[in-house]
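Some notes on the structure that comes next.
Protein chains: 2
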Amino acid sequence: MTEFDDALALSVLDGGTSSGRLGGGWRIGGAVNGGLLMALATKALGDRLAAEGAPQAHGDPVVLSAYFLSAAAKGPVEAVSEVVRMGRTLSTGEVSLFQDGPDGPVERLRALGSFGDLGAMGDTVLRSPAPPDVPSPEECLASADAPSPLRGKVPLMDRVDLRLDPRTAGWAVGSPTQEGRMRGWIRFADGRPVDALSLLFFLDALPPVAFDLGILGWAPTLEFTGHVRARPADGWLLVEASTDTVTASVMEEDARIWDSTGRLVAQSRQLAGIRLPEGAAPGSPGGTPG
Amino acid sequence: MTEFDDALALSVLDGGTSSGRLGGGWRIGGAVNGGLLMALATKALGDRLAAEGAPQAHGDPVVLSAYFLSAAAKGPVEAVSEVVRMGRTLSTGEVSLFQDGPDGPVERLRALGSFGDLGAMGDTVLRSPAPPDVPSPEECLASADAPSPLRGKVPLMDRVDLRLDPRTAGWAVGSPTQEGRMRGWIRFADGRPVDALSLLFFLDALPPVAFDLGILGWAPTLEFTGHVRARPADGWLLVEASTDTVTASVMEEDARIWDSTGRLVAQSRQLAGIRLPEGAAPGSPGGTPG
Chain L
1 MTEFDDALAL SVLDGGTSSG RLGGGWRIGG AVNGGLLMAL ATKALGDRLA AEGAPQAHGD
61 PVVLSAYFLS AAAKGPVEAV SEVVRMGRTL STGEVSLFQD GPDGPVERLR ALGSFGDLGA
121 MGDTVLRSPA PPDVPSPEEC LASADAPSPL RGKVPLMDRV DLRLDPRTAG WAVGSPTQEG
181 RMRGWIRFAD GRPVDALSLL FFLDALPPVA FDLGILGWAP TLEFTGHVRA RPADGWLLVE
241 ASTDTVTASV MEEDARIWDS TGRLVAQSRQ LAGIRLPEGA APGSPGGTPG
Chain H
1 MTEFDDALAL SVLDGGTSSG RLGGGWRIGG AVNGGLLMAL ATKALGDRLA AEGAPQAHGD
61 PVVLSAYFLS AAAKGPVEAV SEVVRMGRTL STGEVSLFQD GPDGPVERLR ALGSFGDLGA
121 MGDTVLRSPA PPDVPSPEEC LASADAPSPL RGKVPLMDRV DLRLDPRTAG WAVGSPTQEG
181 RMRGWIRFAD GRPVDALSLL FFLDALPPVA FDLGILGWAP TLEFTGHVRA RPADGWLLVE
241 ASTDTVTASV MEEDARIWDS TGRLVAQSRQ LAGIRLPEGA APGSPGGTPG
């Protein structure tokens, strides 16, 4: 069992509800990483669609739109899923994640998403952006070499092997490029192969791109939509995040992922809040979005 | 009463349900335009959030993610809305549009969306893309000058005053630029002022950007997420659509809108199907997505 598969393990309680557990190892400060929540929600929704008779070919997540409602903590979690429509090329559903609060269940995330057959949908590529030019993983800055106090506050950093392009990592030494761009190679630290589902995790696994603009506060995701374009080949993923739309309270962040063959396999856009630091560092507890 | 406000008129049936009517004038072929459906759904959701006690300041649509489930026809429509979470800076809800079918109600669209105060959220702009260089509206190609057979098939063309940049309109005379880009000025034909809600309509009002790649088939929207960044100033809107990710069956299409002061006021990304033509022109009936 890999760490990622362990994190996505779900027990079906009844048709529409399944239960899992958010591990503390996926936290950034006090909050569980949003990419892991999206992968878990997508897993629950895919299981539900299959159980309700979606075509067997509709096994791949194609698009997911998630609204983050409150910060998730480590501990038990329930996923409640619903079939919205089963079509010829896509099966669409809805899923919510809940955790117990002092006054009853609290919704963490609600999402709509569609599943299909990425093999059939992606077979003939008419147009696809080429990957950016990035030094080899060996020439990049390894997350494993980050100072251990930071890694203690961001246990998520030990779940992935991230190699940041030194040209977009100046923020880590106080010299952000101000270009609003971050690039790096990424894979699971324990060697789990990448697949379509994991792309929804990797789309939101880099540090906030606002760091490259010198905005070092926390950037809680409010809304995130990811498109998966193809099943990734095995090996390193190349992730690029960028932003060109930032106000003092919200920003947009785009991400793209290419697989080891150089094919674009996923892209996303998110609306994130900006919490300017008051002594807050990336490792401090995530604020409650909204 | 303007045409757009008339199209968005809703009568509340009970707390969560309201009824309206899709006018034939908003059709592209047999299907009602997706942008109009999103504006209608957003209007219904905003009304519902306000009725349920959302802060008065949360009057602006900030983000909407819509999944298109089946093609909408002219005629009666019902909107069913639900409050998901009322937060400090955002109020979030869900909305579905239904029309009667032979076997009961058929869901046309389901969406999640958040409302907030764009005045407060957009007041301090830290980074925003400049508008592209486009000839004046008078130097562009007016939709009002399109051949009347085409306008008869696409009544939507008479609801807007669209002026396409001639450099991105080669497809109309059989010479697409192959750049995957389309730009133009747009406003309501009847002079209705633009506002935040109407941006969700204008984000999806241009011809499919695939036309500029020589792909002249129908491009039904499967999923659409729009971000509204600011209330637009009065006057012309400048819309740019582009794509760089196209397979033989799906494509991604991005759109951005600047207002008459040159500020970016909205941006969107959609996943659209590609239906390669079999004698089908943009004016023929929209296929059922999925």
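Protein chains in written order, with the UniProt record's numbering: chain L, 1 to 290; chain H, 1 to 290. Each residue gets a CB set at the ideal place from its N, CA and C atoms; glycine is no exception.
Kindly examine the ligand NAD and report whether one of its heavy atoms sits closer than 7 Å to the Cβ of residue i.
{"i": "residue 6 of chain L", "result": "As for the ligand NAD, it is missing from this structure, which has no ligand bound."}
Under the DSSP definition of a beta bridge, which residues are partnered with residue i?
{"i": "residue 335 of chain L", "result": "Here chain L comprises residues numbered 1 to 290, so residue 335 of chain L is not present and cannot be evaluated."}
{"i": "residue 175 of chain L", "result": "According to DSSP, which records beta bridges pairwise, residue 175 of chain L is partnered with nothing at all."}
{"i": "residue 129 of chain H", "result": "DSSP output for residue 129 of chain H lists no bridge partner at all."}
{"i": "residue 17 of chain L", "result": "L/14 and L/80"}
{"i": "residue 183 of chain L", "result": "L/240"}
{"i": "residue 68 of chain H", "result": "H/109"}
{"i": "residue 225 of chain L", "result": "L/65 and L/269"}
{"i": "residue 188 of chain H", "result": "H/160"}
How far does the beta strand (DSSP E) with residue i in it reach, from first residue to last?
{"i": "residue 254 of chain L", "result": "250 to 258"}
{"i": "residue 246 of chain H", "result": "237 to 247"}
{"i": "residue 269 of chain H", "result": "264 to 273"}
Alpha carbons only, please: which of the options is nearest the one belonging to residue i?
{"i": "residue 116 of chain L", "options": "L/101, L/166 and L/54", "result": "L/54"}
{"i": "residue 228 of chain L", "options": "L/84, L/2 and L/121", "result": "L/121"}
{"i": "residue 5 of chain L", "options": "L/20, L/273, L/124 and L/178", "result": "L/20"}
{"i": "residue 264 of chain L", "options": "L/127, L/86 and L/40", "result": "L/127"}
{"i": "residue 138 of chain H", "options": "H/125, H/166, H/119 and H/114", "result": "H/166"}
{"i": "residue 104 of chain L", "options": "L/63, L/248, L/110 and L/78", "result": "L/78"}
{"i": "residue 217 of chain L", "options": "L/13, L/276 and L/242", "result": "L/276"}
{"i": "residue 67 of chain L", "options": "L/16, L/243, L/220 and L/255", "result": "L/220"}
{"i": "residue 234 of chain H", "options": "H/193, H/144 and H/268", "result": "H/193"}
{"i": "residue 239 of chain H", "options": "H/27, H/26, H/268 and H/153", "result": "H/268"}
{"i": "residue 179 of chain H", "options": "L/254, L/129 and L/72", "result": "L/129"}
{"i": "residue 132 of chain H", "options": "H/29, H/250, H/3 and H/260", "result": "H/260"}
{"i": "residue 9 of chain H", "options": "H/186, H/28 and H/46", "result": "H/46"}
{"i": "residue 242 of chain H", "options": "H/236, H/253, H/232 and H/249", "result": "H/253"}
{"i": "residue 134 of chain L", "options": "L/232, L/258, L/149 and L/200", "result": "L/258"}
{"i": "residue 33 of chain L", "options": "L/231, L/155 and L/237", "result": "L/155"}
{"i": "residue 157 of chain H", "options": "H/255, H/173, H/62 and H/25", "result": "H/25"}
{"i": "residue 72 of chain L", "options": "L/108, L/176 and L/40", "result": "L/108"}
{"i": "residue 69 of chain L", "options": "H/81, H/113, H/163 and H/256", "result": "H/113"}
{"i": "residue 97 of chain L", "options": "L/181, L/173, L/111 and L/160", "result": "L/111"}
{"i": "residue 160 of chain L", "options": "L/173, L/205 and L/16", "result": "L/205"}
{"i": "residue 170 of chain H", "options": "H/213, H/191 and H/145", "result": "H/213"}
{"i": "residue 118 of chain L", "options": "L/16, L/246, L/197 and L/207", "result": "L/197"}
{"i": "residue 266 of chain H", "options": "H/223, H/203, H/209 and H/236", "result": "H/203"}
{"i": "residue 92 of chain H", "options": "L/223, L/190 and L/247", "result": "L/223"}
{"i": "residue 18 of chain H", "options": "H/151, H/44 and H/27", "result": "H/44"}
{"i": "residue 11 of chain L", "options": "L/80, L/246 and L/38", "result": "L/80"}
Classify residue i as helix, strand or coil using the three-state DSSP reduction.
{"i": "residue 291 of chain L", "result": "Residue 291 of chain L falls outside the range modelled here, since chain L spans only 1 to 290, and no answer is possible."}
{"i": "residue 88 of chain L", "result": "coil"}
{"i": "residue 42 of chain L", "result": "helix"}
{"i": "residue 219 of chain L", "result": "coil"}
{"i": "residue 100 of chain H", "result": "strand"}
{"i": "residue 26 of chain H", "result": "helix"}
{"i": "residue 157 of chain L", "result": "helix"}
{"i": "residue 163 of chain L", "result": "strand"}
{"i": "residue 75 of chain L", "result": "strand"}
{"i": "residue 168 of chain L", "result": "helix"}
{"i": "residue 52 of chain L", "result": "coil"}
{"i": "residue 32 of chain L", "result": "strand"}
{"i": "residue 93 of chain L", "result": "strand"}
{"i": "residue 279 of chain H", "result": "The predicted model places residue 279 of chain H with a pLDDT of 46, which falls under 50 and marks its position as unreliable, so this point remains unresolved."}
{"i": "residue 134 of chain L", "result": "coil"}
{"i": "residue 207 of chain L", "result": "coil"}
Buried or exposed: residue i, going by 16 or more other Cβ atoms within 10 Å of its Cβ?
{"i": "residue 225 of chain L", "result": "buried"}
{"i": "residue 99 of chain H", "result": "buried"}
{"i": "residue 56 of chain L", "result": "exposed"}
{"i": "residue 136 of chain H", "result": "exposed"}
{"i": "residue 124 of chain H", "result": "exposed"}
{"i": "residue 36 of chain H", "result": "buried"}
{"i": "residue 14 of chain L", "result": "exposed"}
{"i": "residue 7 of chain H", "result": "buried"}
{"i": "residue 2 of chain H", "result": "exposed"}
{"i": "residue 60 of chain H", "result": "buried"}
{"i": "residue 273 of chain H", "result": "buried"}
{"i": "residue 173 of chain L", "result": "exposed"}
{"i": "residue 75 of chain L", "result": "exposed"}
Along the alpha helix (DSSP H) that carries residue i, what are the first and last residues, could you check?
{"i": "residue 198 of chain L", "result": "196 to 202"}
{"i": "residue 3 of chain H", "result": "3 to 7"}
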